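This report refers to the structure that appears directly beneath it.
There are 2 protein chains.
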Amino acid sequence: MKKSVLKLLLEHQHAYISGEEISRIIGVSRTAVWKHINALKKEGYVIDSVHSQGYRLLSKPDIITTEELQINLLGDFICDIHIYEELSSTNEVAKKFAAEGAPEGTIVFADKQTKGRGRMGRLWDSKAGIGIWLSLVLRPSIMPAQAAQLTFVSAVVVCQAVRDFTGLEAGIKWPNDVMIKGKKICGILTELSAEIDRINYCVAGIGLNVNHQLGDFSTDIVDKATSLMLASGTPYRRLELLVSILTLYDRIYREYREKGFSYILEQWKKLNCTLGHEVKVISQEEVYFGTAIDIDADGQLMVKIPEGEVRYVIVGDVSIRYVQ
Amino acid sequence: MKKSVLKLLLEHQHAYISGEEISRIIGVSRTAVWKHINALKKEGYVIDSVHSQGYRLLSKPDIITTEELQINLLGDFICDIHIYEELSSTNEVAKKFAAEGAPEGTIVFADKQTKGRGRMGRLWDSKAGIGIWLSLVLRPSIMPAQAAQLTFVSAVVVCQAVRDFTGLEAGIKWPNDVMIKGKKICGILTELSAEIDRINYCVAGIGLNVNHQLGDFSTDIVDKATSLMLASGTPYRRLELLVSILTLYDRIYREYREKGFSYILEQWKKLNCTLGHEVKVISQEEVYFGTAIDIDADGQLMVKIPEGEVRYVIVGDVSIRYVQ
């Protein structure tokens, strides 16, 4: 019901709409309308009310609500929305839902994560109100060994959505970090539950820094991380950005299922900021330098070392750094 | 405390031990000893008590208790034991424990499973008191793509333990069914939770038919399945068999970590009943016949078709049948 009131207000942002009209259209009492308006105000919506004219929405808070997401999302890919003010980790909660049978297209969003996780068990700083901390449940018909493909899907989606939404020159650093001007704005953590030859479910975790200021980053990452606002000087509304990401996820993931991983690799190559660069490859066994020349059909990075040999770097506990 | 009383009774099976002596050795009152003896009787232990001589254990029930397991298991590989009379599925419960941080070597055993699962979401019939329905939590340092190796580890362990314990000619049908005289006695279901490049945990599920009679199998599997008792004519005590399996799991899994997968493949080849056989390979795409000639370093089955070409069958939704 609150969703219907909000929808009417959003449609009438140019003018006032009377309580009587709202109550007539939705089919509830004027007292009920007044209660929903008050609830929306409490959530941060600024709603002007003029005695003889009615209500008018002046501004929306930068919060994500199920109602606004449902109003803005087209299609039926995102079928189940779980939004939390505060959560340990969206991936943990999404995994629980998935283990209980949540369908593909279930999403978990948190305004703040207290135990946000990055790859290899690292922490991912996830302060309230300034980021997109999101997890999607996926159930692709692929073998567990191919699950790394999904991490490329997520990177392509976020990078393209950021480019479209902000106009900023975002690029992908192999395999799946989204970067702006050499600094990381997004981390991706893909997890899976599987049998040996069958995926039960995957969870695609996305952590995107949106409205961080310099002081929001701890000293150990302030040189390596940035946010969309820091990169452009403008704050962004997270709801619209989230809608862009989810809408693009729907499209790109569908293309992936129809055309296969080669389609994702094509998109990845268009968006990447790694190929052609001198890189330092750091694995547990060794450190070496070379030129990132291509990625192969499995997503492995091909690095040509000075002696001429081409080495294949698999997605794993390997980090690459650009050589200045 | 009950465990200490049971341990003393087990050590004195040849003669009577007085309540006074038990109370002295353990350091509890004679009333407490009497209470523990009664508790053991309720669990199915047959304990003779003669007024002037004391207690003597005449027979043990075929149930698995944490106490007896702890008494019989050497080493510290099995570090946490969870035993249930009835459970949905030991794999499901083991996955829950593992997700909450249960260490490697945690086991879940159920006397009966109400939703026992086999591969590809199939049901695994798990009646009370006649099988070993077991799941082990493992945390190997391998990549997710290598998790199929664990399914070979489990098959080698169960097949070897059954041979040692019963003297029956058990063999492994590729990749991981344990068979006796062409009928299946054990199914293995390995599951994993992972990031793209790192395993969170694995659960090795083992379902072994021990004391089934013909009527315990449903009509659709009675021709394909058997139990140790049906194969030999003798019933077996599950506790001792379970101890054999867990003890061997400790050893074989340690060898696997030290020597790598090639060690497991060697053992697998010694125990297999597939190589050299004419097989029918049934995949989603096609059906063909050939001779199973070997397995490669990744565990893929090499099948030579009549035209001479050797095809590699990966562990997946493929079933093979022996051609009579």
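Protein chains in written order, with our numbering: chain A, 26 to 349; chain B, 26 to 349.
No residue lacks a Cβ here, since even glycine has one placed at the ideal position from N, Cα and C.
All values derive from a computational prediction rather than experimental measurement.
If you follow the beta strand (DSSP E) that B:Met-204 is part of, which residue opens it and which one closes it?
-> Residue mapping note: residue 204 of chain B aligns to position 179 of the second sequence, counting from 1. Taken as a continuous stretch (DSSP letters only), the beta strand (DSSP E) holding B:Met-204 covers 202-205.
Three-state secondary structure assigned by DSSP to A:Tyr-281 | To locate residue 281 of chain A, count along the first sequence from 1; it is residue 256. In this structure, A:Tyr-281 counts as helix in the three-state DSSP scheme.
Using a beta-carbon distance below 8 Å, is B:Ala-173 in contact with chain A?
-> Within the second sequence, residue 173 of chain B is the residue found at index 148, counting from 1. Taking 8 Å as the threshold, the shortest C-beta distance from B:Ala-173 to chain A falls below it.
Would you verify that the beta carbon of B:Pro-128 is, or is not, closer than 8 Å to some beta carbon of chain A?
-> Indexing the second sequence from 1 puts residue 128 of chain B at position 103. Closer than 8 Å: no.
Touching by the beta-carbon criterion (3+ pairs, under 8 Å), the stretch 142-153 of chain A and the stretch 184-194 of chain A | Judged by Cβ distances under 8 Å, the stretch 142-153 of chain A makes no contact with the stretch 184-194 of chain A, as fewer than three pairs qualify.
Keeping to the same chain, check which residues put their C-beta closer than 8 Å to that of B:Ala-64; ignore five residues upstream and five downstream.
-> What you label residue 64 of chain B is simply residue 39 of the second sequence in a count that begins at 1. The residues Lys-27, in chain order, have a CB closer than 8 Å to that of B:Ala-64 in the same chain once the five nearest residues on each side in sequence are set aside.
Name the residues in the stretch 197-221 of chain B whose C-beta lies less than 7 Å from a C-beta of chain A; which are they?
-> Answer set for the stretch 197-221 of chain B: Leu-214, Thr-215, Glu-216, Leu-217, Ser-218, Ala-219, Glu-220 and Ile-221.
Given a threshold of 16 other Cβ atoms within 10 Å of its Cβ, counted over all protein chains shown, does A:Thr-91 qualify as buried or as exposed?
-> To locate residue 91 of chain A, count along the first sequence from 1; it is residue 66. A:Thr-91 comes out exposed.
Please classify A:Val-312: is it buried, with 16 or more other beta-carbons within 10 angstroms of its beta-carbon, or exposed?
-> Reading the first sequence from its first residue, position 287 is the one you call residue 312 of chain A. Residue burial is scored here from C-beta neighbours: A:Val-312 has fewer than 16 other C-beta atoms within 10 angstroms and is therefore classed as exposed.
In three-state DSSP terms, what is B:Glu-110?
-> Locating residue 110 of chain B in the second sequence gives position 85, where the first residue counts as 1. Note: B:Glu-110 maps to strand in three-state DSSP.
Please decide whether A:Thr-139 counts as near chain B, where near means a Cβ-Cβ distance under 8 Å.
-> Walking along the first sequence from the start, residue 139 of chain A turns up at place 114. Closer than 8 Å: no.
Is the Cβ of A:Thr-176 closer than 8 Å to any Cβ of chain B?
-> Along the first sequence, read from residue 1 onward, the residue named residue 176 of chain A stands at position 151. So, interface residue.
In whole angstroms, what is the alpha-carbon distance linking A:Leu-33 and A:Gly-44?
-> The residue labelled residue 33 of chain A in the question sits at position 8 within the first sequence. The residue labelled residue 44 of chain A in the question sits at position 19 within the first sequence. When rounded, the distance between both Cα atoms is 11 Å.
Count the other CB atoms, across all protein chains shown, that sit within 10 Å of the CB of B:Asp-248; report buried if there are 16 or more and exposed otherwise.
-> Here residue 248 of chain B corresponds to residue number 223 of the second sequence, with the count starting at 1. Counting every other CB atom within 10 Å of its CB across the protein chains shown gives B:Asp-248 a total below 16, marking it as exposed.
If B:Ser-160 and B:Gly-230 are in contact, beta carbons under 8 Å, what's the gap, nearest whole angstrom?
-> Stepping through the second sequence from its first residue, residue 160 of chain B is reached at position 135. Stepping through the second sequence from its first residue, residue 230 of chain B is reached at position 205. About 5 Å separates the two Cβ atoms, so the contact holds.
Identified DSSP bridge partners for A:Arg-147 | On the first sequence, position 122 is the one that residue 147 of chain A refers to. Beta-bridge pairing links A:Arg-147 to no other residue.
Within 10 angstroms of the Cβ of A:Ala-173, are there 16 or more other Cβ atoms? Answer buried if so, exposed if not.
-> Stepping through the first sequence from its first residue, residue 173 of chain A is reached at position 148. A:Ala-173 should be labelled buried.
Taking a cut of 7 Å between CB atoms, which residues from the stretch 141-170 of chain A lie near chain B?
-> Answer set for the stretch 141-170 of chain A: Arg-144, Met-145, Met-168, Pro-169 and Ala-170.
Where B:Val-340 meets chain A, residues with beta-carbon distance less than 8 Å = Position 315 of the second sequence, counted from the first residue, corresponds to residue 340 of chain B. For the C-beta of B:Val-340, the chain A residues within less than 8 Å are, from N- to C-terminus, Ile-221 and Asp-222.
Other residues of its chain near A:Val-58: CB distance less than 6 Å, five sequence neighbours each side excluded | Taking the first residue of the first sequence as 1, we reach residue 58 of chain A at position 33. Hits under 6 Å: Gly-44, Ile-47 and Ser-48.
Take B:Met-168 as the anchor and find which of B:Leu-290, B:Ala-124, B:Leu-300 and B:Arg-223 has the nearest alpha-carbon.
-> Counting from 1 along the second sequence, the entry for residue 168 of chain B is found at position 143. Answer by Cα proximity: B:Arg-223.
Bridge partner(s) assigned by DSSP for B:Gly-212 = Here residue 212 of chain B corresponds to residue number 187 of the second sequence, with the count starting at 1. When DSSP reads this structure, B:Gly-212 sits in a beta bridge with B:Gly-232.
From the DSSP output, in three-state form, read off A:Tyr-347 for me.
-> Position 322 of the first sequence holds residue 347 of chain A. Residue state, collapsed to three classes: strand.
Spatial neighbours of A:Asp-241 within its chain, please: CB distance less than 7 Å, with the 5 preceding and 5 following residues excluded, ordered by chain position.
-> Mapped onto the first sequence, residue 241 of chain A falls at position 216. Within the same chain, A:Asp-241 has close Cβ partners Lys-152 and Ile-155.
Please check the pair B:Leu-264 and B:Ile-89, which I expect to be a contact at CB under 8 Å, by giving their CB distance rounded to whole angstroms.
-> Working through the second sequence from its first residue, we reach residue 264 of chain B at position 239. Working through the second sequence from its first residue, we reach residue 89 of chain B at position 64. Confirmed, Cβ separation roughly 5 Å.
Could you tell me if A:Pro-245 is buried or exposed, where buried requires 16 or more neighbouring beta carbons within 10 angstroms of its beta carbon?
-> The count along the first sequence starts at 1 and reaches residue 245 of chain A at position 220. Position check: residue 245 of chain A holds Asp in this sequence, whereas Pro was assumed. It counts as exposed.
CA-CA distance, B:Ser-74 and B:Gly-258?
-> Residue 74 of chain B sits at position 49 when you count from the first residue of the second sequence. Residue 258 of chain B sits at position 233 when you count from the first residue of the second sequence. Each residue's alpha carbon lies about 33 Å from the other.
Quick one: Cα of A:Glu-280 to Cα of B:Ala-250, how far?
-> The residue given as residue 280 of chain A occupies position 255 in the first sequence. The residue given as residue 250 of chain B occupies position 225 in the second sequence. Cα to Cα, A:Glu-280 sits roughly 44 Å from B:Ala-250.
Excluding sequence positions up to five away, which residues of its chain have a Cβ less than 6 Å from the Cβ of A:Gln-292?
-> Counted from its first residue, the first sequence places residue 292 of chain A at position 267. The answer, listed in chain order, is Val-181.
Distance, Cα to Cα, B:Gly-130 vs B:Asp-323?
-> Here residue 130 of chain B corresponds to residue number 105 of the second sequence, with the count starting at 1. Here residue 323 of chain B corresponds to residue number 298 of the second sequence, with the count starting at 1. When the Cα atoms are used, B:Gly-130 and B:Asp-323 turn out to be separated by approximately 25 Å.
Can you check DSSP and say which residues form a bridge with B:Asp-319?
-> Taking the second sequence and counting its residues from 1, the one referred to as residue 319 of chain B is at position 294. B:Asp-319 has B:Met-327 as its beta-bridge partners, per DSSP.
C-alpha gap between B:Arg-361 and B:Phe-102, whole angstroms | Within the shown structure, residues of chain B are numbered from 26 to 349, placing residue 361 of chain B beyond reach of any answer.
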